[in-house]
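*Asks:* Residue numbers (the working numbering): 3 to 370.
Using N, Cα and C, we set each Cβ at its ideal position, and we do this for glycine too.
Dropping the structure in here first, questions after.
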Amino acid sequence: MFVEAETDFGLTILRAHRNFSEPFVFSPISICLALSLLHTGANKIARLQIADYIARGANEDQLLQHYTFLTAVLNSHSHNVSSVSNNKFFTSGTTSGKFAQAYLGKIEKHYGVNNGGQEGKVVEEVVEKEEKTTPEIIYYGRDVKTTATTAYSTRMNAEENSDVETLMNELQLNATWDPTYNLQRTTHEPFSVAPEMRKLVEYLNDGLVFRDYAEDELFEALILNYSDPTYSLALFLPKKHMGLVETLQKFSARHFQSLLEKAKRTYLMIKFPVFRIDRTIDLGDVVERMGIFEDFNDEVVEDSFNVTRAVHTAHIEVTDGGRAVNLNMGKIQDASVLVDGAIYFKADHPFLFAVLRDRHPLYIGIFC
3 MFVEAETDFG LTILRAHRNF SEPFVFSPIS ICLALSLLHT GANKIARLQI ADYIARGANE
63 DQLLQHYTFL TAVLNSHSHN VSSVSNNKFF TSGTTSGKFA QAYLGKIEKH YGVNNGGQEG
123 KVVEEVVEKE EKTTPEIIYY GRDVKTTATT AYSTRMNAEE NSDVETLMNE LQLNATWDPT
183 YNLQRTTHEP FSVAPEMRKL VEYLNDGLVF RDYAEDELFE ALILNYSDPT YSLALFLPKK
243 HMGLVETLQK FSARHFQSLL EKAKRTYLMI KFPVFRIDRT IDLGDVVERM GIFEDFNDEV
303 VEDSFNVTRA VHTAHIEVTD GGRAVNLNMG KIQDASVLVD GAIYFKADHP FLFAVLRDRH
363 PLYIGIFC
């Protein structure tokens, strides 16, 4: 129920973003967790709107239980994988008393919300300060590093001189590849960004190996596990060479999850880019286009609180963890003609990617 709802939510945000001409990344789960904080204290209409997007088909108790559980699960460290999810509350006033104590008590109890202090004046300033001061857990040779921050500012009675409260979720993941993998960098090679345009990118390669793979009429899907196999990176490569935009319009959450479910060990030659992406989006514009709130500046939280600003930032790095370069691997042009039965997964044109935790979309993005 929640996996499909969160996937649909993520794909809807991706389509609402509309810009497919440059790399993009965001965290559906961070946004959902921040929305769950708002949901707890929202008025009836806004509560129904939020629930319809992040927990379609679930009742309020199920929504609360799920995001309470997910908050706990995302604070774990195992097998060279570190995941941290923090929920915080800031106020520009001397106290947080303007928020109903029952509401604060509930989000502290279920979501572990911490009082971040008196830094609630401008949501962008809060996000920037927290990103600079949040401790980073690093493993030597990490192969993926991701961070995301989602923040909502609310104001009492929409008065300019009233106190501003900011609710925030921070999500961080550091991980290394499955130790049986031998992903290595090669020299720079062409990557198609438009029908008649290419750029040079650095690729990761793994040669003639068994990995999880699935395909259908739209996509080839490669799933690569991290050292804790509950976490993985999924690459969805359109079969139509420059068909990502067209294909995404047809790509549903059920379709997304179906490819993950039917993936099986397949003999492959793998090539996909090393990438690093940083993005900041005005979440207010996105959720209005999605229709989550009829008017984002209307009263969303009880007791006449208005949501006045929403910002989401995300960062992802996917690398080889500093392994040595094997230049010979770059000379293999097409493994399918070298070994009978092998499939060459060559991500040399725009593709969709997702970082997953038990198929929950922690991050979704495009590389182009």
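Please list the terminal residues of the continuous alpha helix (DSSP H) segment that includes Y228.
*Replies:* Element bounds for Y228: n/a, residue is neither H nor E.
*Asks:* Using beta-carbon positions only, say whether L202 and E191 come within less than 8 Å of one another.
*Replies:* Yes.
*Asks:* Within 10 Å of its beta-carbon, does G367 have 16 or more other beta-carbons around it, so buried, or fewer, so exposed?
*Replies:* So G367 ends up on the buried side.
*Asks:* Cα separation between E301 and N45?
*Replies:* Residue confidence is low: E301 scores 44 on pLDDT, short of 50, so the model does not pin down where it sits. No coordinate-derived value is stated.
*Asks:* Could you tell me how far apart the beta carbons of G12 and P25 are, in whole angstroms, since I believe they sit closer than 8 Å?
*Replies:* So it is not a contact: roughly 16 Å between Cβ atoms.
*Asks:* Determine the burial state of A196: buried for a count of at least 16 other Cβ atoms within 10 Å of its Cβ, exposed for fewer.
*Replies:* The residue is exposed, with fewer than 16 neighbouring Cβ atoms inside 10 Å.
*Asks:* Out of R187, V357, H351, point me to the one whose CA is closest to F22's CA.
*Replies:* Residue H351 is the option with its Cα nearest to F22.
*Asks:* Is the beta carbon of V115 sitting closer than 8 Å to the one on L39?
*Replies:* The answer is yes: Cβ separation under 8 Å.
*Asks:* What is the residue span of the beta strand (DSSP E) that H375 lies within?
*Replies:* Nothing can be reported for residue 375: it is not among the residues displayed for the chain, which extend from 3 to 370.
*Asks:* Counting C-beta neighbours from all protein chains within 10 Å, is the total for I52 16 or more, i.e. buried, or is it exposed?
*Replies:* Answer is buried; the Cβ neighbour count reaches 16.
*Asks:* Report buried or exposed for I283, applying the criterion of at least 16 other Cβ atoms within 10 angstroms of its Cβ.
*Replies:* Burial call: buried.
*Asks:* How would you write the range of the beta strand (DSSP E) that E263 sits in, first residue to last?
*Replies:* E263 -> not in any beta strand (DSSP E); alpha helix (DSSP H) instead, spanning 255 to 264.
*Asks:* Rounding to the nearest angstrom, what Cα-Cα distance links K266 and I318 in this structure?
*Replies:* One C-alpha to the other measures close to 26 Å.
*Asks:* What residue from L76, Y269, F369 has the CA that sits closest to Q174's CA?
*Replies:* Minimum Cα distance to Q174 is reached at L76.
*Asks:* Starting from Q51, follow the alpha helix (DSSP H) in both directions and report where the run begins and ends.
*Replies:* Counting along the chain, the alpha helix (DSSP H) containing Q51 begins and ends at 46 to 56.
*Asks:* According to DSSP, is D350 part of a helix, a strand, or is it coil?
*Replies:* In the structure shown, D350 sits in coil (DSSP, three-state: anything other than H, G, I, E or B).
*Asks:* Taking 8 Å as the CB-CB cut-off, is F28 touching chain C?
*Replies:* Looking for chain C here will not work: only one protein chain is present.
*Asks:* Grab the span of the beta strand (DSSP E) containing T9 for me, first residue to last.
*Replies:* Counting along the chain, T9 falls outside any beta strand (DSSP E), though it belongs to the alpha helix (DSSP H) covering 4 to 19.
*Asks:* Is the beta carbon of T314 sitting closer than 8 Å to the one on I33?
*Replies:* What sits at residue 314 in the sequence shown is His, not Thr. In this structure, I33 lies closer than 8 Å to H314 by Cβ.
*Asks:* Does the region 237 to 249 touch the region 179 to 190, meaning 3 or more C-beta pairs lie closer than 8 Å?
*Replies:* Touching, no, given that fewer than three Cβ pairs across the two stretches are closer than 8 Å.
*Asks:* Note down, in chain order, each residue of its chain lying with its Cβ closer than 7 Å to the Cβ of F274, except the 5 sequence neighbours on either side.
*Replies:* Y205, L206, L237, A349.
*Asks:* Run the CB neighbour count on F212, radius 10 Å, all protein chains shown included, and call it buried at 16 or more, exposed below.
*Replies:* That one is exposed.
*Asks:* Starting from S275, follow its DSSP beta bridges and name the residues at the other end.
*Replies:* Note on residue identity: the sequence assigns Pro, not Ser, to residue 275. According to DSSP, P275 bridges with Y205.
*Asks:* Tell me which same chain residues have a C-beta within less than 8 Å of the C-beta of G343, skipping the five on either side of it?
*Replies:* Excluding positions up to five away in sequence, the list reads Y269.
*Asks:* Quick check on the DSSP output: the beta strand (DSSP E) that includes Y365 runs from which residue to which?
*Replies:* Its beta strand (DSSP E) spans residues 362 to 369.
*Asks:* Would you call M170 buried or exposed, if buried means 16 or more other Cβ atoms sit within 10 Å of its Cβ?
*Replies:* Buried, by the Cβ-count rule.
*Asks:* Check whether the Cβ atoms of V357 and Y365 sit closer than 8 Å, and answer yes or no.
*Replies:* Against a cut-off of 8 Å, the Cβ pair of Y365 and V357 comes out as a contact.
*Asks:* Who are S87's beta bridge partners in DSSP?
*Replies:* DSSP output for S87 lists L173 as bridge partner(s).
*Asks:* Give every residue of the same chain whose Cβ lies closer than 6 Å to the Cβ of F277, excluding the five residues on either side of it in the sequence, and list them in chain order.
*Replies:* Only V320, F369 meet the Cβ criterion.
*Asks:* What do you reckon, are the CB atoms on F92 and T168 nearer than 8 Å?
*Replies:* It is a contact, given that the beta carbons lie within the stated cut-off.
*Asks:* Look up F71 in the DSSP assignment and say whether it is helix, strand or coil.
*Replies:* It is helical.
*Asks:* For the alpha helix (DSSP H) that T249 lies in, which residues bound it at each end?
*Replies:* Its alpha helix (DSSP H) spans residues 246 to 250.
*Asks:* Please report the distance separating the alpha-carbon of F28 from that of L210.
*Replies:* If you take the alpha carbons of F28 and L210, they lie about 32 Å apart.
*Asks:* DSSP three-state call for Y113: helix, strand or coil?
*Replies:* Three-state DSSP puts Y113 in a helix.
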